[in-house]
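Colleague: Residue numbers are given in UniProt numbering: position 117 of the sequence shown equals residue 117, and the series is strictly consecutive.
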Amino acid sequence: MKALILVGGFGTRLRPLTLSVPKPLVDFANKPMILHQIEALKAVGVKEVILAINYRPEVMLNFFKDFEEKLGVKITCSQEMEPMGTAGPLALARDKLVDGSGEPFFVLNSDVVSEYPFAELIAFHKSHGGEATIMVTKVDEPSKYGVVVMEEETGRVERFVEKPKIFVGNKINAGIYLLNPCVLNRIELKPTSIEKEIFPKIASDQGLYAMVLPGFWMDIGQPRDYITGLRLYLDSLKKIHHLNFPKGHMYWVMCWCMRVQSSETGALSGQMWRLDPVVSSNQG
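#1: Determine the direct distance from the alpha carbon of Ile-53 to that of Gly-129, and round the result to whole angstroms.
#2: Cα-Cα, which of Arg-159, Asn-30, Ala-43 and Leu-178 is closest to Asp-205?
#3: What does the Cβ neighbour count give for Lys-74, buried or exposed, with the cut at 16 atoms within 10 Å?
#4: For Lys-2 and Lys-31, I'd like the C-alpha separation in whole angstroms.
#5: Unbroken alpha helix (DSSP H) runs of length 4 or more, entirely within the region 98-184: which are they?
#6: Does the Cβ of Ser-262 have 16 or more other Cβ atoms within 10 Å, making it buried, or fewer, making it exposed?
#7: From the DSSP output, which residues share a beta bridge with Val-212?
#8: In the structure shown, what three-state DSSP assignment does Asp-225 receive?
#9: Check whether the Cβ of Asp-66 sits closer than 7 angstroms to any heavy atom of the ligand SAM, and report yes or no.
#10: The beta strand (DSSP E) spanning Met-218 covers which residue range?
#11: Give the C-beta separation of Val-157 and Phe-106 to the nearest angstrom, bearing in mind that I take them to be a contact with Cβ-Cβ under 8 angstroms.
#12: DSSP three-state call for Val-73: helix, strand or coil?
#13: Can you name the start and end residues of the beta strand (DSSP E) that Lys-42 belongs to?
#14: Is it buried or exposed, Leu-179, if we count other Cβ atoms within 10 angstroms and call 16 or more buried?
#15: What is the DSSP secondary structure of Leu-4, reduced to helix, strand or coil?
#16: Quick check on the burial criterion: 16 or more other C-beta atoms within 10 angstroms. Buried or exposed for Glu-133?
#17: In the DSSP assignment, what are the bridge partners of Asp-27?
#18: Pairs of beta-carbons, one from the region 158-173 and one from the region 228-241, closer than 8 angstroms: are there three or more?
#19: Give the secondary structure of Ile-194 by DSSP, where H, G and I count as helix, E and B as strand, and everything else as coil.
#20: Pairs of beta-carbons, one from the region 58-73 and one from the region 161-176, closer than 8 angstroms: are there three or more?
#21: Tell me Glu-188's beta-bridge partners as DSSP assigns them.
#22: Do you know how far the Cα of Glu-48 is from the Cα of Lys-70?
#23: What's the call for Lys-171, buried or exposed, on a 16-neighbour Cβ count within 10 Å?
#24: Which partner residues does Ala-52 have in the DSSP bridge list?
#25: Given Pro-89, which residues of its chain have a CB within under 8 angstroms of its CB, disregarding the five upstream and five downstream residues?
#26: Spatial neighbours of Asp-111 within its chain, please: CB distance less than 6 angstroms, with the 5 preceding and 5 following residues excluded, ordered by chain position.
#27: What does the alpha-carbon distance come out to for the pair Asp-99 and Ala-93?
Now the structure itself:
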């Protein structure tokens with residue numbers, strides 16, 4: 001199988017962390033953010049990962065030279081000369097994605113962290129026989145997002161409602177997709193939104209399905225969400241591996257915490273604050 005990761009551009013919202021490295025290479029729980037995704041993809045049989053990128057592709061490729069052999073995954077770049085949205089990069093990488101096997105391929109937003117239940121996604125996609133499957137996650141305030149309205153029993157997507165003023169559902173696009181190659185026939189080589197232009201058309205043809213994402217989810221493209229995502233990730237590790245610190249045991253939750261500017265850009269300031277050690281009460 002293959003996968004395409006939408007890497008994007010400059011990562012200005014995460015500065016200063018992105019001043020020296022592209023956003024996907026920013027450290028997240030002791031490894032680059034994008035490496036979490038690639039390792040999860042490799043675990044379900046993905047042999048090639050294409051990075052759709054328009055900023056510093058040489059840095060990405062140099063970084064992954066060693067990891068290609070260690071992971072057993074081929075990693076290539078598809079470079080955009082201009083921002084192509086979230087669907088245009090798929091058309092640009094068509095020749096890399098289509099190999100004649102007819103196998104579906106993954107598409108991921110690089111900012112998304114979760115438990116990556118890719119095996120379950122593959123099984124669900126095969127079970128319904130549609131063109132495409134998107135993962136959705138439940139949110140407390142759906143009026144802030146584009147809501148995915150779906151049949152609860154089958155998962156078939158009926159429509160999308162952008163920032164609904166009345167309640168129509170609480171599930172939103174999680175930025176993780178499994179698509180059949182025929183979806184590429186719907187995408188022109190131009191800046192295009194897969195969420196607003198491609199998925200609604202597939203849904204109207206009754207070929208789009210949604211799977212509710214189990215576990216945590218966070219888009220960590222902004223400073224506050226980066227910190228929240230790290231906490232959710234560590235909580236998830238604790239549950240998955242049944243970790244339980246002895247009562248009274250002192251440990252470091254995070255060595256450094258980022259101060260967030262109260263500006264419209266939401267960019268990080270250069271100041272970093274160290275957290276105090278935490279003493280476990282052996283609860284939860």
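All C-beta atoms, glycine included, are put in the ideal place defined by N, C-alpha and C.
Modeller: So, from the listed chains and residues:
#1: 31 angstroms
#2: Arg-159
#3: exposed
#4: 22 angstroms
#5: 118-128
#6: The predicted position of Ser-262 is uncertain, since its pLDDT is 37 and thus under 50; no value can be drawn from it.
#7: Val-136
#8: helix
#9: Although the ligand SAM was asked about, the structure shown includes no ligands whatsoever.
#10: 217-219
#11: Not confirmed; about 18 angstroms, so no contact.
#12: In the structure shown, Val-73 sits in coil (DSSP, three-state: anything other than H, G, I, E or B).
#13: Not the beta strand (DSSP E): Lys-42 falls in the alpha helix (DSSP H), residues 33-43.
#14: buried
#15: strand
#16: Checking the displayed sequence, the identity of residue 133 turns out to be Thr instead of Glu. It counts as buried.
#17: Answer is Pro-32, bridged to Asp-27.
#18: no
#19: Here Ile-194 sits in helix by DSSP.
#20: no
#21: Bridge partners of Glu-188: none, in fact.
#22: 13 angstroms
#23: Result: buried.
#24: Leu-6 and Ser-78
#25: Leu-4, Leu-6, Ala-52, Ser-78 and Glu-80
#26: Correct list, in chain order: Asp-219, Ile-220 and Gly-221.
#27: Roughly 12 angstroms between the two C-alpha positions.
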